[in-house]
Amino acid sequence: MRKKQTAKQRKTEETTEVQEFVVEKIIRRRIFNGRVEYFLKWKGFTDAENTWEPEDNLDCPGLIEEFLRDAHLPREAEEEQSDLADIVPATAELKHPDDESDAPTDLSTYLEPECIIGSTDRKGELMFLVKWKNSDEVALMPAREASARCPQVVIDFYEQKLTWHCGEGEQ
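Here's what the structure looks like:
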């Protein structure tokens with residue numbers, strides 16, 4: 002026979018149920034401490050409640066695949082992100098433009114470049130690692146795009162790299 006429960010006991014039982022969170026949208030991707038993490042928008046929650054979650058904890062392969070396809074982020078980007086770990090803070094996110102596309106990276110469409118941190122060769126194309134104003138975010142941008150969008154930032158970068166060699170009689 003079942004015992005009678007008070008309203009308070011029933012309410013306590015109802016609130017102890019495990020709440021299942023449903024991912025509405027994947028917003029960003031990063032590698033943090035060697036693990037792939039995604040910045041998630043949760044269904045039924047505000048943007049202020051978005052969180053970074055390890056890929057291992059997620060059960061939404063369709064959303065991950067869609068995000069990777071739409072972000073034009075190739076699978077080999079993980080290796081490239083690891084290679085840049087020495088000059089990029091672990092919490093920063095790197096976005097790589099699609100090889101066949103001259104379209105700006107996701108970040109560059111709405112953020113203004115502050116400075117160029119470094120440069121690299123990516124499959125024969127000169128790329129700049131750009132830090133954005135009012136953000137800790139960085140992204141790889143083709144030099145061609147950077148020269149067109151922010152020529153003064155490119156000039157400043159090259160000026161920092163200049164060294165003058167004087168002859169013995171000159172100083």
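Residue numbering for the sequence shown follows the working numbering, starting at 2 and increasing by one per position. Beta carbons are placed, not taken as given, at the ideal position from N, Cα and C, and that holds for glycine.
Through-space distance from residue j to residue i, alpha-carbon basis
i    : j    : result
L141 : R123 : 10 Å
R31  : E138 : 11 Å
C61  : I28  : 13 Å
V131 : L112 : 11 Å
I118 : T47  : 34 Å
E160 : E169 : 24 Å
Q153 : I65  : 37 Å
F33  : H166 : 42 Å
A72  : K162 : 32 Å
H59  : L69  : This sequence places Leu at residue 59; His is not what is there. Straight-line Cα distance between these residues: approximately 15 Å.
7 Å Cβ shell around residue i - same chain, five flanking residues per side excluded
i    : result
L127 : S120, A144
F22  : W43
E38  : R31, W53, E54, P55, E56
E221 : Residue 221 falls outside the range modelled here, since the chain spans only 2 to 172, and no answer is possible.
S136 : L112
E50  : W43
E67  : none
G63  : none
Residues sharing a beta bridge with residue i, DSSP
i    : result
D137 : BP columns for D137 are empty, so no partner.
L127 : D122
E38  : R31, P55
I65  : Looking at the DSSP assignment, I65 forms no beta bridge with any residue, so it has no partner.
W165 : Bridge partners of W165: none, in fact.
P114 : W133
V24  : W43
Residue i classed as buried or exposed, judged by whether at least 16 other C-beta atoms fall within 10 angstroms
i    : result
K134 : exposed
C151 : buried
Integer Cβ distance of residue i from residue j, believed to fall under 8 Å
i    : j    : result
F129 : A147 : 5 Å
C116 : D57  : With 8 Å as the limit, C116 and D57 do not qualify as a contact, their Cβ atoms being about 35 Å apart.
Own chain, CB closer than 8 Å to residue i, minus 5 neighbours either side, in chain order
i   : result
T52 : F40, L41, W43
R36 : P55, E56, D57
Own chain, CB closer than 6 Å to residue i, minus 5 neighbours either side, in chain order
i    : result
G125 : none
P114 : V131, C151, V154
Minimum Cβ-Cβ distance from residue i to chain C less than 8 Å
i   : result
W53 : This model lacks chain C altogether; it includes just one protein chain.
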